[in-house]
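Numbering (our numbering), first residue to last: 11 to 487.
Notes for the one structure printed next.
Following this line, the structure appears as structure tokens:
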């Protein structure tokens with residue numbers, strides 16, 4: 011763009027007489043806003059999950075996590091090698107620190123996957139390697155940015171094995187220190203994780219601040235700025251999330267997106283000048299960033315759809331913690347197969363809280379929800395440890411009684427009915443609320459040999475109990 015010298019007082023005339031210049035200025039500003047919006051896009055997803063999603067929803071899948079970490083480790087090793095090759099040729103201090111950042115992250119983060127199986131035995135041995143790896147990477151990237159545009163390192167210094175082996179030794183010592191902390195009494199102290207994840211967040215923010223203050227606008231440094239912004243947002247999501255919930259998984263996805271973006275910049279440097287401060291084609295890089303943005307948009311769309319699918323497939327009712335209809339049906343099918351192999355019969359209870367609409371109308375849905383949760387706990391206390399309770403409707407529930415014939419099921423159902431009738435359910439004013447339940451009982455074999463028939467039989471008897479005055483157990487017509 012050619013320079014135009016204009017006195018300040020006539021600047022408005024320039025825009026009015028040169029519409030092409032105005033459009034160019036607007037499009038440049040729009041392009042910058044697009045880049046900022048892309049870098050901050052994960053903030054919207056974080057806000058969505060924080061304010062609109064149930065933080066108790068979890069997707070705990072160790073095998074999936076191990077595979078994801080293995081892929082991240084392989085990619086980290088590959089990008090470390092590519093950035094090291096770039097550094098060997100250009101000698102840029104920034105690339106040296108970036109290589110160390112990728113290397114440190116990879117060597118520390120791999121243990122986050124290795125110790126996935128310890129998530130229930132020592133949660134800190136599993137968790138702490140993640141924030142420590144992100145802290146190490148953020149610190150080394152910050153050191154690289156501080157050294158941006160420094161003179162190249164001497165060629166004979168770039169490939170010395172000793173200088174690199176010292177850092178590898180340091181990273182191994184960090185791994186050992188994390189293991190010692192994870193086994194100590196301070197592992198669960200909030201300050202431990204906060205200092206690492208919060209430190210990574212602060213260093214990433216400082217990176218962005220330095221880039222803005224120094225007005226560094228080379229194409230690959232724009233990629234660098236977008237990546238460290240997303241690193242900061244991923245640390246924020248990790249601080250807000252809990253292990254295995256959707257915010258925690260989103261934090262992984264945001265960090266992976268930033269890692270991919272920074273890796274893309276390294277690969278671009280390798281394909282062109284092997285330098286992060288000089289790149290031969292701004293336009294080509296912007297085109298590829300636009301393509302990466304489109305792919306990221308598509309990936310975020312896939313993530314939203316996956317989250318919705320996981321919610322639909324969640325096996326438990328989010329309010330009461332009871333099984334949902336899908337899991338209950340699966341458990342009944344398992345019992346059916348056991349009966350077909352010669353096992354003892356099982357029974358099913360269909361339950362419905364009597365006049366529960368009146369409870370909601372009189373005391374409000376918040377009290378109604380509290381009563382539903384207390385009702386499930388009352389059922390669990392009244393049945394056997396291996397029986398199962400499922401919520402199949404608003405105030406409709408079912409209980410599976412494995413290895414229980416009709417006579418035993420009648421006794422359990424009556425015990426459950428009496429327990430509900432005598433339980434002191436409380437309103438919002440701590441006044442007791444009278445709650446009763448009607449129950450229908452059916453038995454496999456006696457009432458049918460398929461899941462649908464057995465469940466329908468229990469439902470019919472439940473409605474008979476309703477019609478006969480409620481607060482009773484019906485086991486036959």
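In this text, a Cβ means the ideal position worked out from N, Cα and C, and glycines have one as well.
Keeping to the same chain, check which residues put their C-beta closer than 7 Å to that of residue i; ignore five residues upstream and five downstream.
i: residue 247; result: 56, 257, 260, 261 and 264
i: residue 192; result: 132, 134, 135 and 138
i: residue 157; result: 103, 104 and 107
i: residue 363; result: 385, 405, 445 and 447
List the endpoints of the continuous beta strand (DSSP E) containing residue i.
i: residue 452; result: 447–453
Under a Cβ-count criterion, where at least 16 other Cβ atoms within 10 Å of its own Cβ denotes burial, should residue i be classed as buried or exposed?
i: residue 92; result: buried
i: residue 371; result: exposed
i: residue 305; result: exposed
i: residue 464; result: buried
i: residue 330; result: buried
i: residue 267; result: buried
i: residue 83; result: buried
i: residue 297; result: exposed
i: residue 167; result: exposed
i: residue 9; result: This structure does not reach residue 9, given that the chain is present from 11 up to 487, and the question cannot be answered.
i: residue 81; result: exposed
i: residue 35; result: exposed
i: residue 139; result: buried
i: residue 74; result: exposed
i: residue 105; result: buried
i: residue 38; result: exposed
i: residue 200; result: exposed
i: residue 203; result: buried
i: residue 275; result: buried
i: residue 405; result: buried
i: residue 196; result: exposed
i: residue 33; result: exposed
i: residue 90; result: buried
i: residue 59; result: buried
i: residue 252; result: exposed
i: residue 454; result: buried
I'd like to confirm the pairing. Which residues does DSSP put opposite residue i in its beta bridges?
i: residue 209; result: In the DSSP output, where bridge partners are listed per residue, residue 209 has none listed.
i: residue 400; result: 333 and 408
i: residue 357; result: 411 and 453
i: residue 463; result: Residue 463 is not bridged to any residue.
i: residue 442; result: 436
i: residue 255; result: 68
i: residue 363; result: 447
i: residue 484; result: 450
i: residue 326; result: 333
Please list, in chain order, all residues of the same chain as residue i whose beta carbon is under 8 Å from its beta carbon, the five residues on each side excluded.
i: residue 333; result: 325, 326, 327, 341, 398, 399, 400 and 401
i: residue 62; result: none
i: residue 290; result: Annotation note: pLDDT 48 at residue 290 (below 50); position unreliable, coordinate value reported separately. For residue 290, where only same-chain residues beyond five positions count, the Cβ hits under 8 Å are 282 and 283.
i: residue 218; result: 235, 238, 239 and 242
i: residue 72; result: 126, 127 and 129
i: residue 181; result: 113, 114, 117, 118 and 146
i: residue 420; result: 451, 483 and 485
i: residue 390; result: 399
i: residue 478; result: 484
Assuming residue i and residue j are in contact, meaning their beta carbons sit under 8 Å apart, how far apart are those beta carbons, in whole angstroms?
i: residue 207; j: residue 141; result: 4 Å
i: residue 64; j: residue 103; result: About 47 Å separates the two Cβ atoms, so there is no contact after all.
i: residue 360; j: residue 472; result: 4 Å
i: residue 427; j: residue 445; result: In fact, because the Cβ distance is near 11 Å, the residues do not count as touching under 8 Å.
i: residue 456; j: residue 416; result: 6 Å
i: residue 451; j: residue 485; result: 4 Å
i: residue 152; j: residue 231; result: Incorrect: roughly 14 Å between the Cβ atoms, too far for contact.
i: residue 338; j: residue 95; result: Residue 338 to residue 95, Cβ: 57 Å. No contact.
i: residue 343; j: residue 461; result: 6 Å
i: residue 98; j: residue 154; result: With 8 Å as the limit, residue 98 and residue 154 do not qualify as a contact, their Cβ atoms being about 16 Å apart.
Among residues of its own chain, excluding the 5 on either side of residue i, which ones have a beta-carbon nearer than 6 Å to its beta-carbon?
i: residue 303; result: 48
i: residue 442; result: 434
i: residue 209; result: 145
i: residue 413; result: 354
i: residue 424; result: 483
i: residue 249; result: 207
Which two residues bound the contiguous alpha helix (DSSP H) that contains residue i?
i: residue 103; result: 103–124
i: residue 138; result: Where residue 138 is concerned, there is no enclosing alpha helix (DSSP H), given that its DSSP letter is neither H nor E.
i: residue 379; result: 375–392
i: residue 241; result: 229–250
i: residue 287; result: Unbroken run through residue 287: none, as it is neither H nor E.
i: residue 157; result: Neither: residue 157 is in no alpha helix (DSSP H) and is coded neither H nor E.
i: residue 192; result: 171–192
i: residue 63; result: Element bounds for residue 63: n/a, residue is neither H nor E.
i: residue 167; result: 165–168
So, does the CB of residue i fall closer than 7 Å to a CB anywhere in chain C?
i: residue 300; result: In the structure shown, chain C does not exist; there is a single protein chain.
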